[in-house]
Structure formats: structure tokens, C-alpha cells
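If you're matching them up, the sequences are chains G and D in order. Start counting the first sequence at 14; every next residue gets the next number (the numbering used here). Start counting the second sequence at 225; every next residue gets the next number (the numbering used here). In what follows, a structure is listed as C-alpha cells, so that the remarks can point back to it.
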Amino acid sequence: MNQRPENRGAAIDLDTVSKAYGSFKALDAVSLHIKPGEFMTLLGPSGSGKTTTLNVIAGFTDATSGELLVGGKSVVGVPAHKRNIGVVFQHYALFPHMTVGRNVAYPLALRGVTGAERERRVRQALDMVKMADFAHRYPSELSGGQQQRVALARAIVFDPPLLLMDEPLGALDKKLREWLQLEIKRIHRELGTTFVYVTHDQEEALVLSDRIAVFNRGGIEQIGTGRELYDEPATLFVGKFIGDSTVLRGQAATSGDETALAISGQTVVTDKRLANGGRPVMLLRPEKLALAPRGAADAGRNRLAGRVGEAIYLGSGSKYEVVLADGSKAIVRSTLEAQSFAIGDEVDLLFAGRDVKLLADDDKADLTLT
Amino acid sequence: MSALEPTTPSASKRAGWAWRPFALTAPALLLLVAVLGYPLLTIVLRSLSEPQWGAQNYVWFFGTPVNLTVLQRTFVISAWVTAVCVICAYPYAYLMTAVGPRVRLALVLCVLIPFWVSGVVRTLSWVILLQDSGVINSLLRSAGFDGVRLIRTQTGVVIGMAQVLLPFMILPLYSVMRGIDLRLMRAAQSLGARPLRAFFTVYLPLSLPGVYAGAIIVFILALGFYITPALLGGPRSTMLSTLVQTQVLSLLQWGRGGAMGVVLLVTTFVLLALAAPVMRSRHREAGRR
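Shown next as C-alpha cells:
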């Protein structure tokens, strides 16, 4: 922790990394470049390959093929204990027979750091996670959040250039999780270490990350900042996984630069067209949709008839689930000033053609979130 | 307990409830008093009263060198048996935690089946294996080696007793090892520990409660072993139980036999008391608070 934060992190390069278990491909030619000091989140549903990727970087799992560079050096075949990478696990993994202080001192003892220097660094790491008063406690005497902070201190005390976190907040309740997210962000800022963070929680990914890699079925769907993923999803899967979204499917017709979808006898149009073929679907964000009483809407906008299926008051506004004529559901967020509706109201769903994301349909994108 | 809870009625209720566990264990307690407490008391009394009141049996015990030699040997053999059991049981119990349920069942059966065979029969099969013209020596000779003397030696006794007592070491070890989170080993490796180091700093300390539990059971059972040392041992590997048997059944010296039993019991208590601080694991107590 003596170096300056700017040059402490290591770059990570995965080049067509694959991992197969028999005929099942857990990872299929994944390539990912992580910049030094970056906070990169691997986001995806369970079984999407994000944890396998983390385990490959940590050295717990050997890739079947591909190249992995940490700080520019290949670590393929290097055992986990020689990689000098900090890992924080979802289940804390503190040693129950050691006090907090000895847990944090453990990696230092392995590196031959002794005496006053070891004590100083243990204290410094515990200070950073605000657990210095607990050095003489045993893990079983701490709450889940406290244990995870100790685990974090233990993973950073030996100054690794890379810190891996595998759903570290997964076992904690919401309030604690939100607070610890801010703590992790602060620690990342103070350390300047490269962080690779695995989660299935898209909100958590948006809060924490510089960039997010969205995983699905053993591959990466898209890499980008939270804003890029939300505003410009490259695939239907990303559009549905990040944020709330409404997906419209129908008979597609393309003319010139326009694409029209016929949905239950009504037609909606956008001034976009799909670049590389495929069956087009429209993806709309909740704040880009508006509701009006049936038939009262102005012309010039796309209009779909529906009925309010669910109305939720959020304080800052309202959220509606609107059931369309073809049975599909749209999610609409409206501001406080907008007219409010009740369940069962017949409404028109309105949106502008330019707010539509036109994406290729993909039956793999239908996720059941657990 | 919440501060809002009315304390007086619930406290009195609890006091009433507090007796229920004792009521439920009454049959076991009565049995213990009847078959353990009473005979033990009788033995202590007889060791002090036969042939007349006084400490003469203890004076005799400690004044006869052969008794002290046998007492010491009893503890040495028991310690060896315990050590052999730890060394054999540790990898076996670990294997039981590492394999799938079917193989585990097979491993458990391998432990338990000999356990269901009578101790005398098992010991007699060891005689067949260990004797000078037995299986082991025949194999050694046909392989061109000199035979080794196993029967009626301390080594033979230790081998036989360890085999009989092995389940008592494997089962407590397995139950403790099953509870060890193997992901801790992965954590240790990520922190820089090579696998062997991770084992000695994480797995081994966490498995020690099982080692202690098994070691105490095996050691105490070994101290009182009679049949196996009697059949496999010779005059130079006599254990205290054999001496007790001689005094009581051959010489009808109940007082002396009783004194030997009391000495063995007291010595065992002293040794356990000395070992207790080592076996106490603070983190487990911390967890219970």
C-alpha cells in the first residue's frame, strides 16, 4: 500500500478462453480486456459463465484452451497460490479457528512479513474496512457484513494488483448490500487496484462498475459502461437483462429506412432498420413509454391499445404493467405530474419511433430470472 | 429474550420446564447408577477393606515393581494404539468426505462389518495371521526374508488392538471432517498457501477436535482391553487388565484387584485433566456464546 494508486492495478487479457466439461461448454471462446485499475463487473444469470471466468482468472479452474495474461504475463498453468490475486468469496471463507487479526495476517505470514511490519499492515487493512476494533474476535462472533469486510481486508492486505469478488454481497440483506457497495467503491478508489466483480444483480453492476461484461450461455453478449448497455443494447438479451424493458414482437415489414411491426391489427413504425438481418423486435424502456386514456392520444406517435394490469405507486412516480391486445406486457414508468390510472383502465400505449431499440429476435434471450 | 416479555411468569414456567430433561433422562441415570456407580463404589470400598480396613492393597501395589511396570506398559501400549489409529483413520476419514455417497457407504461398511464380528473371533484371526507359522511369516519366508516375531510381542498386541479400535477413531473424525468447509482450502490457496501449507494451517487445525475425540475414546478403551492382549500378547506384553484378572479370579484377591482398577481410573483422570487445556478450542466456544 505504499505505491501510488495510479499504477497499482494489473491489466487482464482473456483471449478466446474456453472451458468445457465433457460436451458442455461452460465458456465458449471468451475474450475480454480489462484495463489496469478498472472496476469490471461480470454480469449474467446463473450458469452464464461469469463465475467460471472468475475461477479461471483466480487459477481455481484450468481453461480448456485460450490465453490468459495478468499484467502482461501469461498465467496459464500457474497454480492459484502463485498468482498473487486477492479473492473475496460469497461465503466469506474466513478461517473459523483464527481471530480476525490472524485471518488478515495469514497472507502476510505466508509471504514472510513478520513483527511490527505485519501488525502495521493488518491494522491498515482493517482500518480500511472499518473493522480495526474487531481484531481479537473470532469470525463466528461477527455478522455476515462484518465477516465480509474482514474477508475483503484479508484479500487486499498483501497488495495484490488484482482483486476478484464472487458475488460478495449475495448473502446479505438489501440495506447492508447498498451500504457495502459504496464501501467497495470507496476502497477501489483508494487502492487503485483492478477489481473484477461477479454478480447476477444488474443494479449492483450499474452502481459499482466502470464497465460491465454481460454474460449469457458461456459467452459475452456485450461489454460497455452501464449507460452504453442501457441506452444501446447490442442484443435482445442485454436489453432485457439491464433495466426494465418492453419487447414488442409482430409481423415485420421493412421499407427504405423504416421498419414496421404489425401487432394484433395495429401497426407501429420506427425510422430504423436492422443492419444484419434477423427477425426484428422492438425494445422500449419504461420511461420512453407514455399512457393516455383510450382514443384520447395525439396523432404522430405510435399507439397500441391495452389494459392496465398492475399499477404500482413508487413515490417518485408510478409504474404500470399494461397488457396489450396480443397478451404481451409493457412496463411504463410515469412521473408524478402525469395522469394516473387504475387497474383495468383501457389505455393507449404511446411512444416515439426514434426511442425504439430495434434488435434481432433471439429465443435464447428469454430469461427466467431467479 | 425481548425486554417486553413479562419476566416473572415466564421465569417460573421455565423453572418448571427445567426439570423435564432430567425426568426424561431418569431411566439412563438410574441405569448408570445401578450398573456403573454401585459397582465402582463397591470396588473402591473393597480395595480399602479387604482383607482388613486400611491402605494395604495400595501399599502392595506401589511396593511391587512388576505392577508399576505393567501399569506403565498399559499406558504405553494404549498410546501406541491411539497413534496407530490416528495415522490409519485420518486419511480414511478424509477419503470418506471426498467420495460420492455410494463409495462412502462402502467405506462405512468396511469399517463397521469387522465391528459386528465378535472380538474373540477377530483376535483369533489375528493369531492365525501373526503367529510364527502364520500367513504373514509364510509370505515373508516365501519372499526370501527372515520371519518376524509378531505373536506374543507388544507389536502384535498393538496391531490387534488398533484394528479392533479403528472404528472409534474413524467415526468421530469423519463427523468433524464432514463439517469442514473445503472452500476454505481454496481461500487459503488464493492467499498464497501451497496445498500442503493450506492443509497444515487450515484443514488440520479444524479437524483436531475429531482427532481429540477419537483419541480419547480409543485411549480409554485400550487401557481396559483384556481379550486381545491376553491372546496376542506374551508375558512381556501383559496389560493391567490381565493382572486384575489374575488377582481376582485366580488368587481371589478382590482387594488387590480393586486397588489396581482404582489406580488405573485415577491415573486416567489425571492424564485427561492434563490434556484438556490442549484440546480446548477457543473458536468453538466463541461460537456458542
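Quick reminder that beta carbons are idealized off the backbone N, C-alpha and C, glycines included.
Interface criterion met: the Cβ of G:Phe-102 is under 9 Å from a Cβ in chain D. DSSP assignment within the segment 134 to 203 of chain G yields the following whole alpha helix (DSSP H) runs of 4 residues or more, N-terminal first: 157 to 169. One thing to note: G:Lys-32 has its Cβ no nearer than 9 Å to the Cβ of G:Val-91. Listed in chain order, the positions of the segment 391 to 404 of chain D with a beta carbon within less than 7 Å of a beta carbon of chain G would be empty, since no residue qualifies. Under the 8 Å Cβ criterion, the segment 65 to 83 of chain G counts as touching the segment 34 to 46 of chain G, having at least three qualifying pairs. The Cβ of D:Ala-439 sits no closer than 9 Å to any Cβ of chain G.
For D:Trp-284, the closest alpha carbon among the candidates D:Ala-483, D:Arg-504, D:Ala-454, D:Leu-488 is that of D:Ala-483. Non-local beta-carbon contacts of D:Leu-374 in its own chain, meaning distances under 6 Å to residues more than five positions away in sequence, involve Leu-354, Gly-380 in chain order. Against D:Gln-413, the close residues of chain G are Ala-93, His-94, in the order they occur along the chain (beta-carbon pairs closer than 7 Å).
Secondary structure note for G:Asn-68: its alpha helix (DSSP H) is the uninterrupted segment 63 to 71. For G:Lys-253, the three-state secondary structure derived from DSSP is helix. Our two residues, G:Arg-202 and G:Arg-167, have alpha carbons roughly 18 Å apart in a direct line. Taken in chain order, the complete alpha helix (DSSP H) segments of 4 or more residues contained in the segment 287 to 337 of chain G number zero; there are none. Per DSSP, D:Ser-431 is one residue of the alpha helix (DSSP H) stretching across 428 to 447. Take the alpha-carbon of G:Arg-367 and the one of G:Asp-270: they are about 12 Å apart.
Each residue's CA atom was taken as its position, placing G:Met-53 and G:Leu-221 some 9 Å apart. Closer than 9 Å at the C-beta level to chain G, one finds these residues of the segment 421 to 450 of chain D: Arg-421, Ala-422, Thr-425, Val-426, Pro-429, Leu-430, Leu-432.
At a cut-off of 9 Å, the C-beta of G:Phe-171 has a neighbouring C-beta in chain D. Within the segment 294 to 326 of chain D, not one residue has a Cβ closer than 9 Å to any Cβ of chain G.
The alpha carbon of D:Ser-431 has as its nearest neighbour, out of D:Gly-457, D:Ile-404, D:Leu-445, the alpha carbon of D:Ile-404. Comparing alpha-carbon positions, the option among G:Gln-159, G:Ala-164, G:Thr-206, G:Pro-174 lying closest to G:Trp-192 turns out to be G:Gln-159. At a cut-off of 9 Å, the C-beta of D:Pro-501 has no neighbouring C-beta in chain G. Between D:Ile-441 and D:Pro-501, the C-beta spacing is not below 9 Å. In this structure, the beta-carbon distance from G:Phe-250 to G:Val-227 falls below 9 Å. DSSP, reduced to helix, strand and coil, places G:Arg-224 within a strand of the structure shown. Take G:Ala-145, set aside five residues on each side of it, and the residues of its chain with a beta-carbon closer than 8 Å to its own are Arg-136, Leu-139, in chain order.
Taken in chain order, the complete alpha helix (DSSP H) segments of 4 or more residues contained in the segment 287 to 371 of chain D are 289 to 322, 325 to 340, 343 to 354, 359 to 366. Going by DSSP, D:Val-381 is part of the alpha helix (DSSP H) stretching over 378 to 402. With respect to G:Ala-184, G:Gly-157 sits close: the two C-beta atoms are nearer than 9 Å. Looking at the DSSP output, G:Val-209 shares a beta bridge with G:Met-53, G:Leu-177. Using beta-carbon distances, G:Arg-162 does not count as an interface residue toward chain D, since no partner is under 9 Å. For G:Val-281, the beta-bridge partners assigned by DSSP are G:Leu-274. Contact between G:Tyr-105 and D:Leu-415 is absent: CB atoms are separated by about 13 Å, not below the 8 Å threshold. CA-to-CA, the gap between D:Val-310 and D:Val-300 works out to about 15 Å. Non-local C-beta neighbours of G:Val-321 in its own chain, meaning closer than 7 Å and more than five positions away in sequence, comprise Tyr-333, Val-335, Phe-354, Ala-355, Ile-356, Gly-357, Asp-358, Val-360, ordered along the chain.
For G:Lys-95, the secondary structure class from DSSP, reduced to helix, strand or coil, is helix.
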